[in-house]
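Read top to bottom, the protein sequences are chains A and B.
Residue numbering for the first sequence follows our numbering, starting at 1 and increasing by one per position.
Residue numbering for the second sequence follows our numbering, starting at 166 and increasing by one per position.
The beta-carbon is built from N, C-alpha and C at its ideal position, and this holds for glycine as well.
Encoded as structure tokens, the structure appears first; notes follow it.
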Amino acid sequence: MKVSLTVNGETREIDAEPRLTLLDALRDHLRLTGCHTGCEHGVCGACTVLIDGAPARACLLFAVQADGLEITTIEGLAPAPGELSLVQDAFCETHAMQCGYCTPGMVLTAHALLRDNPAPTRDAIVDAISGNICRCTGYGQIVEAIELAARRLAGSNAPAKGDAA
Amino acid sequence: MKAAPFEYSRPSSVAEACELLTRDEDARIIAGGQTLVPMMAMRLARPTRLVDIARIPELAFIRDDSDAIVVGGATRQAALERHASLAARLPLLARALPWVGHAATRNRGTVGGSIANADPAAEIPLVLVTLDGSIRARSTRDDKVIAADDLFEGPMATALALDACLTEVRFPTWSHARMGSAFQEISARHGDFAYVSAAAQVALDGDGKCVACAIGVGGATAAPTRLKAASAALLGGRLDDAATREAIAAEIAALDIMIDPHASPAYRRRVAVTLAHRVVIAAHDEALSRTPA
Ligand code: FES
Ligand code: FES
């Protein structure tokens, strides 16, 4: 059946069986392979995308269910090709990734957190990323990256709601 | 892991959804899909058709009635969590919701879905049972109210007919000035399934006497259990430590406790007593801190 997916501001129509997950649609049909396949049953968070701005697991949604909704993947965060978003930049700077498998999900989750809560406490950060598993970093630098991004966001003159989203 | 093939429909009204469900007994409702989709991926569920109710406007609402907050079946858990009057009117539910899965699953998961799924460890069903709430279910045959007490029959089993659509959930609110509530659970990690969870809401009169008391435990039993005898025994008293523990322990001693590879029945029973005791004490402390009307 025809499914219309609006991803990173661009609407594309794909031909999908109902059983195709949004995760597989993004990766195999739209070649947006930044959305990572981990457990495929909703426990790891590697496939996190934003749906209408809120983090959700792309493996827990059939593509048909996402028809017409606004989807943001890691590919849609950078302001321009070759650039990084403020959160991505903070992740690089604090070494918040090793193998990088969890990173797109972590970064998208952090973007959503900072948009709703520009000055999160450490506990709020830990809680926000608690649904995303990282097997490498031990989480310390990921929390630091999000703290750094929050500080930079506060220091930048971008309106608190705009830039992080 | 990929789901088996199925047909997909997205009706625009409850009537249309019910119609689709009557036509095919292996059709299933999908709302948030946060449990059903992984079950399908693991082939533990194999519906022939999914009836997607997530965008039916009449199922997504939160209504403040005078004696309850009524929530549409397909209302997202995250929306309820953000509802302005929740913390003041349904503090127990406000405390329990952050324990439901993770933020990313609450963004898609629905209130009705969690109830219809009836996982023994689920928090929303526990709150519904503790507060003695009810649901409403519609099918092409009827439209009826089911009390929480009659709804949960066992693990993943409810009194809901297979062709019925859960349309609304009613969480009763209390109007006492001195009210307190508490929710606690034990799991391997935050966000995992609870081994045991406990919920309590109490109200006191100006004198400090208990005038309303609701205690529930989840995870330990096949379906969430309201501790009716303990609540009745504590009513009119001052919820002192020893009496509370004794009343709770006596009732929990008689319950059938579940067994699974994660926790033995003896452990679950012990933890259920401890947690239920703790939540009543915490709820009591909070109620005491409130000034009488
Ligand atoms: S791949 Fe979706 S949560 Fe693991
Ligand atoms: S960096 Fe390897 S899983 Fe997080």
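### Query
For ligand 1, which residues have a Cβ under 6 Å from at least one heavy atom, in chain order?
Thr-37/A, Gly-38/A, Cys-39/A, Glu-40/A, Gly-42/A, Val-43/A, Cys-44/A, Gly-45/A, Ala-46/A, Cys-47/A, Arg-57/A and Cys-59/A
### Query
Within the present structure, is the beta-carbon of Cys-35/A separated from the nearest heavy atom of ligand 2 by less than 6 Å?
Checking the Cβ of Cys-35/A against ligand 2 gives no.
### Query
Taking Cβ positions, are Ile-424/B and Ala-437/B nearer each other than 7 Å?
no
### Query
Rounded to a whole number of angstroms, what is the C-alpha to C-alpha distance between Asp-232/B and Gly-274/B?
26 Å
### Task
Let me have the residue list for ligand 2: C-beta closer than 5 Å to any non-hydrogen atom, ordered along the chain.
Met-97/A, Gln-98/A, Cys-99/A, Tyr-101/A, Cys-102/A, Cys-134/A, Arg-135/A and Cys-136/A
#### Entry: Among Asp-123/A, Cys-136/A, Val-7/A and Ala-119/A, the one whose alpha carbon lies nearest that of Gly-155/A
Comparing Cα-Cα distances from Gly-155/A to each of Asp-123/A, Cys-136/A, Val-7/A and Ala-119/A, the minimum goes to Ala-119/A.
### Query
Hey, is Arg-273/B's beta-carbon within less than 7 Å of any beta-carbon in chain A?
yes
### Query
Which value, in whole angstroms, describes the spacing of the CA atoms of Thr-387/B and Ala-364/B?
The displayed chain sequence assigns Ala, not Thr, to residue 387/B. Straight-line Cα distance between these residues: approximately 16 Å.
### Task
Could you pull the start and end residues of the alpha helix (DSSP H) that Arg-410/B belongs to?
406 to 418 is the extent of the alpha helix (DSSP H) around Arg-410/B.
### Task
Have a look at Gly-402/B and Lys-374/B and give me their C-alpha separation to the nearest angstrom.
6 Å
### Message
Along the stretch 166 to 200 of chain B, where does the CB come closer than 9 Å to a CB of chain C? Name the residues.
### Response
Among the protein chains in the structure shown, which are A and B, there is no chain C.
### Task
On a CA-only basis, which of Val-43/A, Ile-51/A, Ala-58/A and Gln-65/A is nearest Asp-477/B? Give me that one, please.
Residue 477/B lies beyond the residue range present for chain B, which begins at 166 and ends at 458; the question has no answer from this structure.
### Simplified DSSP assignment, three categories, for Glu-83/A
coil
### Query
So, helix, strand or coil for Phe-91/A, using DSSP?
The answer is helix: DSSP assigns Phe-91/A an H, G or I state.
### Query
So the beta strand (DSSP E) Thr-48/A belongs to, where does it begin and stop?
48 to 51
### Assigned secondary structure, Val-179/B (DSSP; H/G/I helix, E/B strand, else coil)
Val-179/B carries a helical assignment under DSSP once its states are collapsed to helix, strand and coil.
### Task
Tell me, please, whether the CB atom of Ala-269/B is closer than 7 Å to any CB atom in chain A?
yes
### Message
Could you give the first and the last residue of the continuous beta strand (DSSP E) run that contains Asp-229/B?
### Response
227 to 229
### Task
Check each candidate in Thr-72/A, Met-106/A and Ile-51/A and name the one with the smallest Cα separation from Gly-131/A.
Met-106/A
### Query
How should Asp-24/A be labelled, buried or exposed, when 16 other C-beta atoms within 10 angstroms of its C-beta is the threshold for buried?
Around the beta carbon of Asp-24/A, 16 or more other beta carbons lie within 10 angstroms, which makes this residue buried.
### Task
May I ask which residues mark the beginning and end of the beta strand (DSSP E) holding Leu-215/B?
214 to 217
### Query
Since Arg-19/A contacts Phe-171/B with CB under 8 Å, what's their CB separation in whole angstroms?
6 Å
### Task
For Gln-199/B, collect the residues of the same chain with a Cβ closer than 6 Å to its Cβ; drop the 5 residues on either side in sequence, then sort them by chain order.
Thr-270, Arg-273 and Gly-274
### Message
Could you compute how far the alpha carbon of Arg-175/B sits from the alpha carbon of Cys-39/A?
### Response
Rounded to the nearest angstrom, the two C-alpha atoms are 27 Å apart.
#### Entry: Span of the alpha helix (DSSP H) around Ser-396/B
393 to 399
### Task
Would you list, in chain order, the members of the stretch 370 to 381 of chain B that have their beta-carbon closer than 8 Å to a beta-carbon of chain A?
none
#### Entry: Residue span of the beta strand (DSSP E) that contains Tyr-173/B, given as start and end
172 to 174
### Query
Does the beta-carbon distance from Ala-347/B to Ala-448/B come in below 7 Å?
yes
### Task
For Arg-152/A, collect the residues of the same chain with a Cβ closer than 7 Å to its Cβ; drop the 5 residues on either side in sequence, then sort them by chain order.
Leu-86 and Ala-90
### Query
What does Thr-48/A touch in chain B if you count any residue whose Cβ is under 7 Å from its own?
Ala-269
### Query
Counting along the chain, where does the beta strand (DSSP E) carrying Ile-311/B start and finish?
308 to 312
### 8 Å Cβ cut-off: residues of chain A touching Leu-215/B
Under the 8 Å cutoff, chain A gives Pro-18 and Phe-62.
### Query
Alpha carbon to alpha carbon, what distance is there between Asp-15/A and Leu-440/B?
51 Å
### Query
Using CA coordinates, which residue listed in Pro-81/A, Cys-44/A and Glu-13/A is at the minimum distance from Cys-102/A?
Cys-44/A
### Message
Would Arg-27/A pass as an interface residue toward chain B - the criterion being a Cβ-Cβ separation below 7 Å?
### Response
For Arg-27/A, the answer is no, since every Cβ of chain B falls outside 7 Å of its Cβ.
### Message
By DSSP's criteria, Ile-71/A is part of a beta bridge. Which residues make up the other side?
### Response
Val-7/A and Ile-51/A
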